[in-house]
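Heads up: the structure comes next, in structure tokens.
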Amino acid sequence: LYVPRIPGMPSGIWKYPNEFKLEYEDVALESEDGVKLHAWLLWGRGWDAETIKSRPVIIFFQENAGNMSFRLPFLRLLVYRLNAVVFAMSYRGYGLSEGKPSERGIQKDALAGLQYVRSRPDLATDKVVLMGRSLGGAVAVHLAAEQQSQVKAVILENTFTAVQDMVARIVPPLGLLIGTGRPCNFLVTNKWQNQQLISRIKVPMLMMVSLQDEMVPASQMFKLHTLQRSPQCELLQFDKASHMDAYDVEPEKYWGGLYNFLVRYVEDKNK
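Numbering (this note's numbering), first residue to last: 110 to 380.
Structural data, given as structure tokens:
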């Protein structure tokens with residue numbers, strides 16, 4: 110299920126934020142079971158302490174394959190297009206983090222990341238936003254369901270309903286045995302049951318779905334949106350985008366949608 114290293118590419122960190130005109134802090138933290146983790150805290154060049162303290166803090170949970178080095182072009186845009194501080198961490202087994210990835214382990218890592226951000230007096234801890242794409246969306250759902258009093262909003266992009274529902278997409282013959290209502294779901298050990306948790310989240314949520322997604326069927330995001338049922342859950346569709354490229358293929362809609370969502374639910378102190 111987990112792909113910490115892309116074949117033919119370095120397993121460790123091979124690009125750094127300063128190469129993308131970002132200021133950053135290397136962060137070492139530890140999960141509750143003692144696994145040592147690595148993260149970056151990112152902000153814009155020239156930002157003073159007052160600016161950093163005033164900006165939303167987006168905790169970004171990455172997709173499955175590769176490490177944070179691959180996300181730096183996107184993280185740079187996240188900082189500068191949204192004027193946000195970004196906390197990006199490597200799950201256990203990814204990048205410079207120790208350990209071996211698993212569902213429960215990654216959930217512990219995410220909690221450690223949130224607790225770290227909330228402990229920083231120099232950050233706007235009342236403006237913490239969880240954001241995840243694909244697998245990262247599952248991480249965000251599980252963390253928000255358990256810790257929503259600690260976060261202001263959640264952003265999901267092209268996230269699946271459950272791992273079992275992805276089996277037919279990845280290995281079609283197994284779709285007869287594994288999936289919602291199928292007899293062999295017990296074979297799936299990392300389940301990420303987002304569809305069971307999504308309705309528990311009451312904070313504002315933005316769901317971003319690419320209609321040309323070649324990995325996660327758009328229907329799964331639509332199902333999550335239906336199950337969520339909150340009046341503060343917004344859906345933003347991208348007609349031309351695939352799994353990973355909405356921010357590049359439809360940039361004005363993507364960044365405009367994110368910015369407006371943050372203004373409505375994070376920046377507005379009356380919300």
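The beta carbon of each residue, even a glycine, is placed where N, CA and C say it ideally should be.
Because the structure is a prediction, the values reported are computed rather than measured.
Q. Around the Cβ of Gly442, are there at least 16 other Cβ atoms within 10 angstroms (buried) or fewer (exposed)?
A. Past the edges of the chain, shown from 110 to 380, lies residue 442, and the structure says nothing about it.
Q) Buried or exposed: which applies to Ile115, given that a residue is buried once 16 or more other Cβ atoms fall within 10 Å of its Cβ? A) Exposed, by the Cβ-count rule.
Q: Report back the beta-carbon spacing between Val136 and Glu207 to the nearest angstrom; my notes put them in contact at under 8 Å.
A: Val136 to Glu207, Cβ: 14 Å. No contact.
Q | Presumed contact (8 Å Cβ cut-off) between Pro313 and Tyr368, rounded CB distance | A | With a Cβ gap of about 14 Å, Pro313 and Tyr368 do not count as contacting.
Q. Buried or exposed: Glu359, going by 16 or more other Cβ atoms within 10 Å of its Cβ?
A. buried
Q. Applying the criterion that 16 or more other CB atoms from any shown protein chain within 10 Å of the CB defines a buried residue, is Trp123 buried or exposed?
A. exposed
Q: Measure the C-alpha to C-alpha separation of Leu286 and Gln273 and round it to an integer number of angstroms.
A: In this prediction, Leu286 has a pLDDT of 48, which is less than 50 and means its spatial position is unreliable; nothing more can be read from the coordinates.
**Q.** beta strand (DSSP E) runs wholly inside the stretch 307-331, at least 3 long, in chain order
**A.** Those beta strand (DSSP E) runs which fall completely within the stretch 307-331 and span 3+ residues are 314-319.
Q.
Can you tell me whether Arg242 is helix, strand or coil according to DSSP?
A. In the structure shown, Arg242 falls within a strand segment according to DSSP collapsed to helix, strand and coil.
Q | Trp149, DSSP secondary structure in three states | A | strand
Q | Distance between beta carbons of Val195 and Asn267, contact taken as under 8 Å | A | Separation of the CB atoms of Asn267 and Val195 is rounded to 19 Å, and the pair is thereby denied contact status at 8 Å.
Q) By Cβ distance, which residues of its chain are closer than 6 Å to Lys209, with the 5 residues on each side in sequence left out? A) Gly202
**Q.** Three-way DSSP call (helix, strand, coil) for Met198 in this model
**A.** Met198: strand per DSSP, three-state reduction.
Q.
If we require 4 or more residues per run, which alpha helix (DSSP H) segments fall completely within the stretch 156-211?
A. 158-163 and 181-191, all fully within the stretch 156-211.
Q) Cα separation between Ser351 and Ala271? A) 19 Å
Q: Determine the extent of the alpha helix (DSSP H) in which Glu361 is found, giving its start and end residues.
A: Counted as a single uninterrupted DSSP element, the alpha helix (DSSP H) harbouring Glu361 occupies residues Pro360 to Leu371.
Q. Out of curiosity, what's the CA-to-CA distance linking Leu110 and Asp231?
A. 37 Å
(Q) Can you tell me whether Glu323 is buried or exposed? The criterion is at least 16 other CB atoms within 10 Å of its CB, across all chains shown. (A) exposed
Q) Would Val112 be called buried (16 or more neighbouring beta carbons within 10 Å of its own) or exposed? A) exposed
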